[in-house]
Amino acid sequence: MKGLYKPSYLQKKAYDFKKVFIGIFILCIIIFMVVMNWTRLNLLVKGYDFSSQNIILSLSKDEREDYLHGDVIDFSKWDHIQNQEHYYDYELYQKSHQNESIEEVITYVDYLYKHQGQLETLGYQREDRRKLMIKLSLDDFKSIIDHQYFYQDIIQYINVNGCVIDDIDQYIASKKQPLDAVLSVSYPFIDSQNKINRTYQIVQPDHYLVLIKKGFMIHEEDEPKDLVKVAIPNAPDNESDLLRKDAADALKNMYDDALKEDMHLVLNSGYRSYQQQKDIYDEYFRIYDEVTASGLVAEPGVSEHQLGLGVDLTSQSVLDGERMVFGDTKEYQWVKKNAHRYGFILRYPPERSKVTGTTNEPWHLRYVGKDAAKEIYEKDWVLEDYILHYGFSYLLKEKE
Ligand SMILES: [Zn+2]
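Going left to right, the sequence shown walks through residues 0 to 399 as numbering that gives the first Met the number 0 numbers them.
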């Protein structure tokens, strides 16, 4: 009976098959096109224009991944310069080195790419190397390659802020724990009893725990961005009534609470610019010899007042002539006991002057934030002890 007649429902089915086939064919073409341009579509969605997409599509698969998953990059900044196309790393490096020129950024990153093979042999994978770009200079990387320092042998030292690559042999020889090795080899003069044989520049002067003293300087042009007027009474001859916002607020709170107990604190000096500090220093220098002058006033670049976190206090009783110096007042006794509750420490206590390198300055307080101030107070430390215990929580580099 087969093939004798073709029922109508079968005719319809053949027609449907044709339709479905065409549908699948078109779908395949669409899928094919989407797959072929998937990267391009993703880049478009991310916000890259057509010419930027072309640049990215011309890179290696690994690099393309960075652009698909990372932040959007402004190619116009990099593309016009003769370079080796590691735009993603240029941008990454520039983020943490904003003062460097585009040429410097390119020199740095291109060097790393040129030596990526050598670095990988030493155990520095691309992601490791990227993390290290924040801390290490070009010379540091050159030194690593020259000395053939393996990643796993030195990463524990590099992870300590302030690690000096050129000192690594000494760290290893010291057989000390990484933090102790770095601090004792490269920073022995945190304790002022030890000789200063180098000078470091603080890279992050905004940090509240910055140790600033001989051997640890801030840059001449560093100036806190959040300076405000301190809302407490001022000594008549005080020309610096600014502090960083948090320190100013804390001092105001301290002043208010002291007043409730009939204590009358007065601001004698707050923030000083490099130039103001220099003028004061030059004045002392004219009157005394260098040794005496530098014992009495901090050299420009190493004064806590330049951080906007150092403050000199006095009291109404001193201004009225009832007391000779702040150290003899009841206000001083109160401050000594309470300052830490507001985030301040007595920076230069008499019994620790050998370590701080500054003779007794009962009037000088330093804002470090409440947590550190509490710990320093309770353990009877000075800031130097805190740094020796925890290390630097900010970056610093050897001054050229
Ligand atoms: Zn002071």
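Don't be surprised by glycine CBs; every beta carbon is placed ideally from N, CA and C.
Small disclaimer: the values here were computed from a predicted structure and weren't measured.
- M216 sits buried, since 16 or more C-beta atoms from the chains shown fall within 10 Å of its C-beta.
- Each residue's CA atom was taken as its position, placing Y107 and L137 some 6 angstroms apart.
- For Y156, the enclosing alpha helix (DSSP H) starts and ends at 150-157.
- For K396, there is no enclosing alpha helix (DSSP H); the enclosing beta strand (DSSP E) covers residues 395-397.
- Cα atoms of N252 and F343: separation of roughly 12 angstroms, rounded to the nearest angstrom.
- For S293, no beta strand (DSSP E) encloses it; the enclosing alpha helix (DSSP H) starts and ends at 289-295.
- C-alpha of V334 to C-alpha of I189: approximately 26 angstroms in a straight line.
- Spanning the alpha carbons of E303 and H363 requires a straight line of approximately 9 angstroms.
- Relative to the non-hydrogen atoms of ligand 1, the Cβ of E360 comes within a distance shorter than 7 angstroms of at least one.
- In this structure, D311 has its beta carbon less than 7 angstroms from a heavy atom of ligand 1.
- DSSP places H363 within a strand segment (E or B) once states are collapsed to three.
- Residues of the same chain with a CB within less than 7 angstroms of the CB of E84, apart from the 5 flanking positions on each side, are L58 in chain order.
- Per DSSP, L208 lies in no alpha helix (DSSP H) segment and is marked neither H nor E.
- For K369, the CB contacts under 6 angstroms within the same chain, skipping 5 residues up- and downstream, are G342 in chain order.
- When C-beta atoms of the stretch 202-216 are compared with those of the stretch 304-313, three or more pairs fall below 8 angstroms, so the two segments count as touching.
- Looking at the DSSP output, F343 sits in a beta bridge with Y366.
- A residue is called buried when at least 16 other Cβ atoms come within 10 angstroms of its Cβ; G69 does not meet this threshold and is exposed.
- Annotated three-state conformation of Q52 is helix, per DSSP.
- The beta carbons of Y92 and E62 sit no closer together than 8 angstroms.
- Counting only residues of its own chain and dropping the five nearest sequence neighbours on each side, P223 has a CB closer than 6 angstroms to the CB of R243, G307.
- In the DSSP assignment, no residue is bridged to I279.
- Excluding the 5 residues flanking it on each side, P232 has same chain C-beta neighbours closer than 6 angstroms at V265, in chain order.
- The beta-bridge partner set that DSSP reports for M216 consists of Q200.
- Between the C-alpha atoms of G122 and F149 there is a straight-line separation of about 6 angstroms.
- Setting aside the 5 residues that flank it on each side, R39 is surrounded in the same chain by Q52, each with a C-beta closer than 6 angstroms to its C-beta; the list follows chain order.
- Classified as buried, P204 has 16 or more neighbouring CB atoms from the shown chains inside 10 Å of its CB.
- Within the same chain, P299 come within 7 angstroms of K277 by CB-CB distance, once the 5 residues on both sides are set aside.
- Y170 sits close to V181, with the two beta carbons spaced by under 8 angstroms.
- DSSP places S185 inside the alpha helix (DSSP H), whose first and last residues are 177-185.
- Looking at the backbone, the Cα of C27 and that of I144 are separated by about 52 angstroms.
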